[in-house]
Ligand SMILES: Cc1cc2nc3c(=O)[nH]c(=O)nc-3n(C[C@H](O)[C@H](O)[C@H](O)COP(=O)(O)O)c2cc1C
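Residue numbers (the numbering used here): 37 to 236.
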């Protein structure tokens, strides 16, 4: 499978079989996903990988059982693995305070960054993880933490300065029972609408 194949075939999967991933598969996926570029080679992206009882704890934290009946994607909760990607601003501030980055003036404060590269880098890694999942024949879906970032931080002992960009659910797609979302039904915009050649 080429990268082009993976991008073409990939769709967000919101309904999973409960079958666990093969032993070691999650570590292997994350190990390969973390090879994406990072600003200044900060490598300031870290992952929280959840399987088994930890997945249940995640859902108990973000989608309590009393709200689960109304959740539009019950099959998402079956995913046997979840990976949360975090950017660590502190690593970027330290790196950009080093002599070769002095001219950027970005080493002083996180608010000085026009683009918070820790979030950019974490998003790159999360996308790589999804492409690797497709290559491995798995389904995946990226979704946000919304108002639950602090509760997840507390439940899983995530350091205060780590910023979550979201969660990637991973697993074998359910053969039946899949449900699309209104977002999925939106057609892809034509290339000419999004590609501005030479001028906007
Ligand atoms: C930043 C981001 C946030 C997303 N948040 C959610 C979400 O909270 N729930 C969800 O079901 N899908 C979420 N998605 C998946 C998108 O809805 C999906 O990628 C989009 O509809 C295109 O469909 P496709 O991935 O099947 O091509 C998110 C995707 C991105 C990139």
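Glycine included, each C-beta is placed from N, C-alpha and C at the ideal position.
Ligand 1 and residue 180: does the residue's C-beta get closer than 6 Å to at least one heavy atom of that ligand?
yes
When you measure from the CB of residue 17 to every non-hydrogen atom of ligand 1, does any distance come out below 6 Å?
This structure cannot settle anything about residue 17, because the visible part of the chain is limited to 37 through 236.
Quick check on the burial criterion: 16 or more other C-beta atoms within 10 angstroms. Buried or exposed for residue 122?
buried
Please state the DSSP three-state secondary structure of residue 107.
coil
Whole angstroms is fine: what's the gap from residue 226's alpha carbon to residue 232's?
12 Å
Element boundaries [beta strand (DSSP E), containing residue 175]:
175-179
With a 10 Å radius around its C-beta and 16 neighbouring C-beta atoms as the bar for buried, classify residue 51 as buried or exposed.
buried
For residue 115 versus residue 205, is the C-beta spacing smaller than 7 Å?
yes
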